[in-house]
Amino acid sequence: MKIKKVLKSPYLWAFIIGIFSLHIVREMAMRRRNAPDPMVLVPTWQLIDQNGQARGQKDSLGKVVIADFFFTSCPTICPKLTEAMKEVYARFEDKNEQVEFLSITVDPETDSPEVLKKFMERSGIDYPNWHCLTGSKKEIYDVVVEKMRVHLGEREYLPNAPGVYDIPHMAHLALFDQRGALRGLFKTEPVEMAALVRAANFLLEKPDA
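Just remember that the working numbering sits 28 ahead of the position in the sequence shown, which is counted from 1.
As structure tokens, then:
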């Protein structure tokens with residue numbers, strides 16, 4: 029009789045349903061914790077960093093790389109991209125041997141190594157695993173468009189704003205795996221930023237995925 033009474037208890041069934049629900053949620057979370065399949069198998073590339081030193085794909089092999097495409101005088105989306113990069117950096121600041129951050133300029137005619145270095149100082153970017161990269165216009169086009177397959181447009185001067193220009197480019201953060209393959213492009217919205225962090229963590233746990 030006591031067993032039947034216990035089985036009829038709404039509290040028992042609420043407990044069982046709760047445990048079952050937690051299990052389902054945990055399983056779903058684990059399934060979401062993955063990384064997109066490789067989008068682009070990026071060929072070897074090389075540019076120069078804010079210190080005028082050559083830096084390229086070979087320097088990042090074995091590390092997860094998170095990158096953005098920007099320019100220092102950008103009047104539109106670039107400040108938001110930089111802040112998004114900082115936000116993601118904070119999630120991996122204890123893994124600077126495993127994760128690297130790259131900000132690649134799309135305006136190399138203006139963004140020399142010296143200009144990039146001043147930009148990093150103004151932006152409070154002082155981390156050993158975060159590099160700003162530039163090169164000639166041809167080199168940037170070759171790396172960004174031809175090898176990474178990322179959109180990059182031509183300089184467009186804004187009407188009613190003398191001397192102010194924009195350069196259409198990707199407004200996403202890019203995720204590269206330890207072999208240098210492009211694994212995903214993520215917007216700066218909270219949901220996609222969280223997906224980027226999950227994907228990066230997945231690659232750290234399973235570098236051969």
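Quick reminder that beta carbons are idealized off the backbone N, C-alpha and C, glycines included.
Cβ-based burial, residue i [other Cβ within 10 Å; buried from 16]
| i | result |
| --- | --- |
| W41 | Confidence is the limiting factor: at W41 the pLDDT is only 46, short of 50, which leaves the residue's position unreliable and the question unanswerable from this model. |
| N236 | One detail in the question is off: residue 236 reads as Asp in this sequence, not Asn. Answer is exposed; the Cβ neighbour count stays below 16. |
| R211 | buried |
| K165 | exposed |
| G90 | exposed |
| D154 | exposed |
| A189 | exposed |
| R83 | buried |
| D65 | exposed |
| R54 | With a pLDDT of 41 at R54, under the threshold of 50, the modelled position of that residue is not reliable, and no figure is offered here. |
| V134 | buried |
| L130 | buried |
| G71 | Before going on, a small fix: residue 71 reads as Pro here, not Gly. Exposed: under 16 other Cβ atoms inside 10 Å. |
| P136 | buried |
| A228 | buried |
| V34 | Unreliable placement is indicated for V34, whose pLDDT of 45 sits below 50; the coordinate value is still reported in the next sentence. So V34 ends up on the exposed side. |
Top-ranked residue by Cα proximity to residue i, from the options
| i | options | result |
| --- | --- | --- |
| E142 | G208, D77 and V134 | D77 |
| P103 | Q206, H197, R207 and E217 | H197 |
| L69 | Q85, K146, N62 and L231 | Q85 |
| A95 | E128, P187 and K145 | E128 |
| I195 | H179, A227, E111 and Y155 | H179 |
| R119 | L186, R226, I168 and P187 | R226 |
| V93 | L213, V134, P107 and D154 | L213 |
| D87 | E233, G208, K108 and G181 | G208 |
| R150 | P218, E111 and A223 | E111 |
| L224 | G191, E233, M148 and L203 | L203 |
| K123 | P187, P156, I132 and S101 | P156 |
| C106 | A228, E220, D205 and T216 | T216 |
| E167 | M148, I132 and A199 | I132 |
| Y185 | G80, M67 and S101 | S101 |
| Q81 | E121, Y169, G152 and S140 | S140 |
| N79 | A228, Q206 and M148 | M148 |
| G238 | G152, A199 and G191 | Absent from the structure is residue 238, since the part of the chain shown begins at 29 and ends at 237. |
| E125 | W158, M221 and A222 | W158 |
| D205 | E233, P187 and C160 | E233 |
For residue i: DSSP bridge partner residues
| i | result |
| --- | --- |
| T133 | F98 |
| L203 | I94 and G212 |
| W158 | F129 |
| D194 | E184 |
| Q74 | G84 |
| V68 | L210 |
C-beta contact flag for residue i and residue j at 8 Å
| i | j | result |
| --- | --- | --- |
| F98 | L109 | yes |
| T138 | L75 | no |
| L231 | A63 | yes |
| W73 | V219 | no |
| R183 | Y169 | no |
Do the stretch 164–184 and the stretch 113–122 touch if we need at least three Cβ pairs shorter than 8 Å? no
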